[in-house]
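K.L.:
For reference, each letter of the first sequence is one residue, going 114 to 252 in my numbering.
Just so it is clear, CB atoms sit at the ideal spot from N, CA and C, and this is done for glycine as well.
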Amino acid sequence: MAYWLLKSEPEEWSWAEQVAQGGKGAEWTGIRNFSARNNLRAMKKGEQAFFYHTGKERAIVGIVKVIAEAHPDSTDTTWGAIDVAAVKKLPTPVSLDQIKADKRLKGMVLVRLARLSVQPLTDAEWRIICQMGGLGSTR
DNA sequence: GCCAACGTTGGC
DNA sequence: GCCAACGTTGGC
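#1: If you compare alpha carbons, which of 160, 187 and 175 is closest to residue 244?
#2: Under 8 Å by Cβ, that's how I've got residue 150 and residue 193 pegged, so tell me the actual separation to the nearest angstrom.
#3: Quick one: residues in its chain with C-beta nearer than 6 Å to the C-beta of residue 180, no 5 flanking neighbours on either side, listed in chain order?
#4: Assuming residue 215 is part of the beta strand (DSSP E), what are its boundary residues?
#5: Whole angstroms is fine: what's the gap from residue 144's alpha carbon to residue 114's?
#6: Put residue 126 into one of helix, strand or coil per three-state DSSP.
#7: What residues in its chain sit with their C-beta under 6 Å from that of residue 204, if we drop five residues either side in the sequence?
#8: Per DSSP, what kind of secondary structure is residue 120 in: helix, strand or coil?
#9: Which residues in the same chain have their Cβ closer than 6 Å to the Cβ of residue 239, if we skip the five residues on either side of it in sequence?
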């Protein structure tokens, strides 16, 4: 079971909009980068991902799960997309500053490759951020 | 709004 | 197949 992080500009697609889709979820589109696409293709149904807001917020705000694996992006079928549904909101959003300040998260892809829009996380990183976000030992 | 970092493209 | 040039992303 792998863990992921999905980045979005809140102006383009926000956590609030994601939540509004409920359990049926929504298509995660707009991937136009090869490494991101490779990660996207590795995502399996049921796996969880953090939802990160770029731009002004720069924080992980919630958790989504994969409900449909890679299929053609309906906005550009030469690329891929997945479907995700909101699982839960983080009681406390985890900001980029907090992530950068934590020595244990120094190796995180978010810190090293800020531009990659679909990123893998290690189990340890996932657990640390869940705790920072106020979810205790939930994973 | 600027600029650094990175990914992609295209000429050789 | 290398690498310079260019475009885009995203933090500051």
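P.N.:
Taking the structure as given:
#1: 175
#2: In this structure, residue 150 and residue 193 form a Cβ contact; the two beta carbons are roughly 6 Å apart against a cut-off of 8 Å.
#3: 138, 196 and 198
#4: It is not in any beta strand (DSSP E) - residue 215 carries neither H nor E in the DSSP assignment.
#5: 22 Å
#6: coil
#7: 247
#8: Strand.
#9: 116
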